[in-house]
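Chemist: What follows is a structure written as structure tokens; I'll ask about it next.
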Amino acid sequence: MHFNLSEERKMLKESCDRLLNDHYTQFKNHHEVSSSETGFNKKFWEECSEIGMLSALISPNFNGLGGTGEDIMIVFELIGKHLVVEPFLSSGILSITSLTHSKDIETSVLDEISSASKIYAFGHSEVDTRYDETYIKTKANYKNDAVFLTGQKSFVLNGDFADKIICTARFSGNDFDQNGFGLYEIDKSHCDIRSYNTIDGYRAAELKFSEIPAKELSKNSDAYNALLETLYAGAFALSAESIGAMQVCFNMTLEYLKTREQFGKRIGSFQALQHRMVDIMIEIEQAKSAVMLAAGTYEEDKNTKYKNISAAKNLVGRTGKLVAEECIQLHGGIAMTWEYNLHNYAKRLVMIDHLMGDSDHHLEQFKIYSNY
């Protein structure tokens, strides 16, 4: 399965690839950036904005340059290839999607994101949420014409250095109702924040707040639709990122087998290892085809879109784990040394499976949207 990219998209892909390759040319950059105070490089984030990586995630209806499945796949496959830790998922795809599906959103807000002048984060998960879309215990209290939020949010990616945070909160009904909740924008300065590094080198935060002022973005069915769009956009972006990371793991392992000598010959000459590499390549190509299908149907009806995204997320979740395990085993102990970059890709692949719904969750969602 192939995409015939337009000349504009080819130029975008090539320019982004060059920029990311120059910045992450050595694996130590990944460790240095991810362990820094902010968890990412603000100057480099602005450079990504200047070449259009953020605008490529936004529809032309909101002053963007893309926003299609192909555009998102191009950007996030490169993010996976170079292990980029800048907030493309949180301030990019999640915040942009939730804002563009909210009522009366001003394009100036999206301009601030695409220009990297403001960083947004998306907070939906709570302590017991798991992958239930509508399990929301954070409370929204309307007083006259104002709304105030009380509660906590868990695992808010880049929540410690975001200027604004978009979060879900419930104003009526029980914890699982599809109605009775809304999407709100809050200021980080009003929250108690505990930040930490994740195992794959990213930054997340736990937020607690009590009766803080908020701005309503959407509520009831509008909020539910916006939330679903946001979660599935995130799942699709992560699927594309996984493809980029898996391909690097494969290439690193292939190169290692061609150069590593044991028993007087290169280990890549052993047929058993060749067969394992072929199996890995087939699995990656199958996963890539699923992501391409999801990209090609990204603008279609919701059932088709969500079904194909769930199929892709399920497949990349299972394949990513397989690729990580196989590539580490084929390398041997060197794969898990700090100086060798493969372990960083392996950890990211495992983490991707657990973000925005794991492979088991998306198998169930695929069955639902396929009317099984």
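The numbering of the sequence shown is the working numbering, which starts it at 48 and goes up by one.
Note that CB positions come from ideal geometry on N, CA and C, so glycine has one too.
Computed from a predicted model, the values in this text were never measured in an experiment.
#1: Per DSSP, which residues does R313 bridge with? Please list them.
#2: Could you please give me the residues that DSSP links to E232 through a beta bridge?
#3: To which residues does DSSP link S242 through a beta bridge?
#4: Look up K190 in the DSSP assignment and say whether it is helix, strand or coil.
#5: Which value, in whole angstroms, describes the spacing of the CA atoms of L264 and L396?
#6: What is the DSSP secondary structure of Q225, reduced to helix, strand or coil?
#7: Is there contact between the segment 190-201 and the segment 250-264, where contact requires at least three CB pairs shorter than 8 Å?
#8: Taking all protein chains shown into account, decide if W385 is buried (16 or more other Cβ within 10 angstroms of its Cβ) or exposed.
#9: Output the residue ranges of the alpha helix (DSSP H) runs that lie fully inside the segment 375-402 and measure 4 residues or longer, sorted by chain position.
#10: When DSSP labels each residue in this structure, what does S106 get in the three-state scheme?
#11: Cα-Cα, which of G367, N244, E276 is closest to A334?
#12: Quick one: what does DSSP say G198 is sitting in, helix, strand or coil?
#13: May I ask you to report which of helix, strand or coil DSSP gives G170?
#14: Are the segment 81-93 and the segment 126-137 touching by the rule of at least three beta carbon pairs closer than 8 Å?
#15: What residues in its chain sit with their C-beta under 6 Å from that of Y303, if we drop five residues either side in the sequence?
#16: Going by C-alpha distance, which of Y387, L402, G380, Y353 is nearest E415?
#17: Buried or exposed: where does D425 fall if 16 or more other Cβ atoms within 10 Å of its Cβ makes it buried?
#18: Where does the unbroken alpha helix (DSSP H) through L83 begin, and where does it stop?
Modeler: Working from what's here:
#1: Paired residues: E308.
#2: In the DSSP output, where bridge partners are listed per residue, E232 has I213, K262.
#3: Note: S242 sits in a beta bridge opposite A252.
#4: K190: strand per DSSP, three-state reduction.
#5: Straight across, the Cα-Cα distance linking L264 with L396 is about 33 Å.
#6: DSSP places Q225 in coil when its eight states are reduced to three.
#7: In this structure the segment 190-201 lies against the segment 250-264, because at least three pairs of beta carbons, one per stretch, are closer than 8 Å.
#8: An exposed status is given to W385, since fewer than 16 other beta-carbon atoms sit within 10 Å of its beta-carbon.
#9: Counting whole runs of 4 or more residues, the segment 375-402 contains the alpha helix (DSSP H) stretches 389-401.
#10: Coil, per DSSP.
#11: When G367, N244, E276 are compared, the shortest CA-CA separation from A334 is found for G367.
#12: G198 falls in the strand class under three-state DSSP.
#13: In this structure, G170 counts as strand in the three-state DSSP scheme.
#14: With the cut-off at 8 Å, the segment 81-93 and the segment 126-137 touch.
#15: Around Y303: H378.
#16: One point to set straight first is that residue 415 is Ile, not Glu, in the sequence displayed. Closest in alpha carbon position to I415, among Y387, L402, G380, Y353, is Y353.
#17: Residue coverage of the chain in this structure runs from 48 to 419, which leaves residue 425 outside it and unanswerable.
#18: Per the sequence shown, the amino acid found at residue 83 is Ser instead of Leu. No alpha helix (DSSP H) holds S83; DSSP gives it neither H nor E.
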